[in-house]
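Student: My questions all concern the structure below.
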Amino acid sequence: MNEKKHWEKLAPGYNDEIFDVYASDKFKKLPRYIKKHASLGKTAIDFGCGNGKSFPYLAPQFRNVSGLDISKGLLKQAAARGYSNVTLQAVDLTKSALKLPKADFAFCCNVVMFPDLQKNAIAFKNIARALRPGGTALFVLPSLDSALFSSWRLIQLYEREGVKAADIPAREFHYFKGNKRDLVQGIVYIDNVPTKHYSASELEVVLPQAGFKITKLEKLEYDWNTELAEPPEDFGAPYPWDWLVECQV
Ligand SMILES: C[S@@+](CC[C@H](N)C(=O)[O-])C[C@H]1O[C@@H](n2cnc3c(N)ncnc32)[C@H](O)[C@@H]1O
């Protein structure tokens, strides 16, 4: 997959088409985690900053913030936010041994989810190497368990209507359109785009391989209406989620 081409094409309609983690974060955990690590004496990098949705949280709390993204169209929108302590740079995070200035805090929200799995390993390593010793990275990453759980909830909904699992239209499971190997490797389709999803146990293996020590691994939860068109009122916790991972180098 050519990420640059894909994201340049999406850039003009980004706000309408791409899931807004900050607005959907049900228990407002992201701002709390950012605040925990922020200091006006520290520097931060937002890896895959998109159009800069994290900047209202990062820019006022860090000395300076570097926003990196592969899409020049999105970087232009990010620049238009007008933060004086934010610098922006076009960077491909999946290029081996990227040279970046060191930072104290790395933020990376729904970026390391490439269907070419090798690219994820390279991206994690680039982020680890960009941190000063003792620095912290905060990742938001798609959850394979959540994708499976949401589909199971959908099956329950059909059951209420008297439809057996075997009779549910195949299009309801369009997320799982890859082959068995894709599924086992966490490739789930979001808006027809193959997207790497992780199990918690997998993260406990791949993040240390990239040089991180996981200090917290928890759910970043969203309302059911982010997954189901008309969720019934009695669908509460457990909610659908992405993984929120705090790591140190
Ligand atoms: C789902 S968006 C998330 C954007 C932002 N982190 C947010 O939470 O709003 C994924 C972002 O990753 C960027 N991206 C994709 N591939 C990349 C790569 N190889 N190197 C750097 N950025 C990349 C895209 O341009 C896009 O801005």
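The working numbering applies: residue -18 is where the sequence shown begins, and numbers increase by one. Beta carbons are placed, not taken as given, at the ideal position from N, Cα and C, and that holds for glycine.
How about Lys53 and Ala71: are their beta carbons less than 8 angstroms apart?
Tutor: Here the question's residue 53 lines up with position 72 in the sequence shown. Here the question's residue 71 lines up with position 90 in the sequence shown. The answer is yes: Cβ separation under 8 angstroms.
Student: Which of the three DSSP states, helix, strand or coil, is assigned to Glu227?
Tutor: Locating residue 227 in the sequence shown gives position 246, where the first residue counts as 1. Here Glu227 sits in strand by DSSP.
Student: Pick from Ile195, Lys161, Arg110 and Gly159: whose alpha carbon is nearest that of Leu74?
Tutor: Here residue 74 refers to the residue found at position 93 when the sequence shown is read from its first residue. The shortest Cα separation from Leu74 among Ile195, Lys161, Arg110 and Gly159 belongs to Arg110.
Student: How about Pro82 and Lys177: do their beta carbons lie closer than 8 angstroms?
Tutor: Within the sequence shown, the letter at position 101 stands for residue 82. Within the sequence shown, the letter at position 196 stands for residue 177. The answer is no: Cβ separation not under 8 angstroms.
Student: Given a cut-off of 8 angstroms, decide if Phe193 and Gln229 are closer than it, judged by their beta-carbon atoms.
Tutor: To locate residue 229, count along the sequence shown from 1; it is residue 248. To locate residue 193, count along the sequence shown from 1; it is residue 212. Yes, the pair counts as a contact, with Cβ atoms nearer than the cut-off.
Student: Across which residues does DSSP place Trp222 in a beta bridge pair?
Tutor: Residue mapping note: residue 222 aligns to position 241 of the sequence shown, counting from 1. Looking at the DSSP assignment, Trp222 forms a beta bridge with Glu202.
Student: Which value, in whole angstroms, describes the spacing of the CA atoms of Leu98 and Phe28?
Tutor: On the sequence shown, position 117 is the one that residue 98 refers to. On the sequence shown, position 47 is the one that residue 28 refers to. In a straight line, the C-alpha of Leu98 is about 18 angstroms away from that of Phe28.
Student: Within 7 angstroms: the Cβ of Thr68 and any heavy atom of ligand 1?
Tutor: Looking up residue 68 in the sequence shown gives position 87. Not under cutoff, so the answer is no.
Student: Bridge partners of Cys30, per DSSP?
Tutor: Here residue 30 refers to the residue found at position 49 when the sequence shown is read from its first residue. DSSP, once it has assigned bridges, lists no residue as partnering Cys30.
Student: Can you tell me the Cα-Cα spacing of Asp172 and Thr117, whole angstroms?
Tutor: By one-based count along the sequence shown, residue 172 stands at place 191. By one-based count along the sequence shown, residue 117 stands at place 136. Using only the alpha carbons, I get a separation of about 32 angstroms.
Student: With a threshold of 16 other CB atoms inside 10 Å of the CB of Trp222, please say whether the residue is buried or exposed.
Tutor: Start at 1 with the first residue of the sequence shown, and residue 222 comes out as number 241. Buried.
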